[in-house]
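Numbering (our numbering), first residue to last: 517 to 669. First up is the structure itself, then whatever we jot down about it.
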Amino acid sequence: MASKVKPVPEGFHTVTPYLVVDGADKVINFMKEAFGAQPVFEPMMRPDGKVMHAEYKIGNSIVMISDSSERAQATSTMLYLYVPNVDAVYQKALKAGATSLMEPADQFYGDRSGGVKDPAGNSWHIGTHIEDVSPADLKKRATEYMKQQHKAA
Numbered sequence: 517m518a519s520k521v522k523p524v525p526e527g528f529h530t531v532t533p534y535l536v537v538d539g540a541d542k543v544i545n546f547m548k549e550a551f552g553a554q555p556v557f558e559p560m561m562r563p564d565g566k567v568m569h570a571e572y573k574i575g576n577s578i579v580m581i582s583d584s585s586e587r588a589q590a591t592s593t594m595l596y597l598y599v600p601n602v603d604a605v606y607q608k609a610l611k612a613g614a615t616s617l618m619e620p621a622d623q624f625y626g627d628r629s630g631g632v633k634d635p636a637g638n639s640w641h642i643g644t645h646i647e648d649v650s651p652a653d654l655k656k657r658a659t660e661y662m663k664q665q666h667k668a669a
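Structure follows, in structure tokens:
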């Protein structure tokens, strides 16, 4: 009897990011240098030398990536990446060619996070969870945060 095929392949999660970019090779190098991304398999290349499809593992997740084409236009997106040490990974990302969007800081929702932009314009918000916040406290903190933001504007 044949084994049953899983609806979500091994190593994947229900939601998996797929980046379509101009310059996939640059973003792949960035992910490798900044986040320790490892190839799941050798990237599939198009005849023009651009990336048709690649998969890279970062932590326990897989990111799919390809160069843009007539059928798939480049788009930028925002990703949130949990790491053990946000400050160290933020610095690695800058050294790998990212530009800073936000230096790491403690956030009201229980994470310490910072943000960078990769060579293709994708935003990577990098976080380390530092505190469990109850839904009630989260609501209070969010309300206070919004009041402070309104005063600053």
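Glycine residues also receive a C-beta, built at the ideal position from the N, C-alpha and C atoms.
When you compare each of the options to residue i by their alpha carbons, which one comes out closest?
| i | options | result |
| --- | --- | --- |
| residue 537 | 658, 628, 590 and 586 | 590 |
| residue 594 | 605, 652, 637 and 528 | 637 |
| residue 613 | 548, 658 and 528 | 548 |
| residue 611 | 546, 519, 530 and 540 | 546 |
| residue 534 | 585, 600, 639 and 580 | 580 |
What are the start and end residues of the alpha helix (DSSP H) that includes residue i?
| i | result |
| --- | --- |
| residue 659 | 651 to 668 |
| residue 538 | Looking at the DSSP string, residue 538 is not in any alpha helix (DSSP H), and its letter there is neither H nor E. |
Taking all protein chains shown into account, decide if residue i is buried (16 or more other Cβ within 10 angstroms of its Cβ) or exposed.
| i | result |
| --- | --- |
| residue 648 | exposed |
| residue 571 | buried |
| residue 662 | exposed |
| residue 606 | buried |
| residue 583 | buried |
| residue 627 | buried |
| residue 629 | buried |
| residue 557 | exposed |
| residue 646 | exposed |
| residue 524 | exposed |
| residue 543 | buried |
| residue 652 | exposed |
| residue 620 | buried |
| residue 553 | buried |
| residue 565 | exposed |
| residue 575 | exposed |
| residue 668 | exposed |
In the DSSP output, which residue or residues are listed as bridge partners for residue i?
| i | result |
| --- | --- |
| residue 642 | 597 and 630 |
| residue 560 | 569 |
inquiry  = Going residue by residue through the region 563 to 637, where are the continuous alpha helix (DSSP H) segments of at least 4 residues, counting only ones entirely within it?
reply    = Every unbroken stretch of the alpha helix (DSSP H) spanning 4 or more residues and falling wholly within the region 563 to 637 is given here in chain order: 602 to 611.
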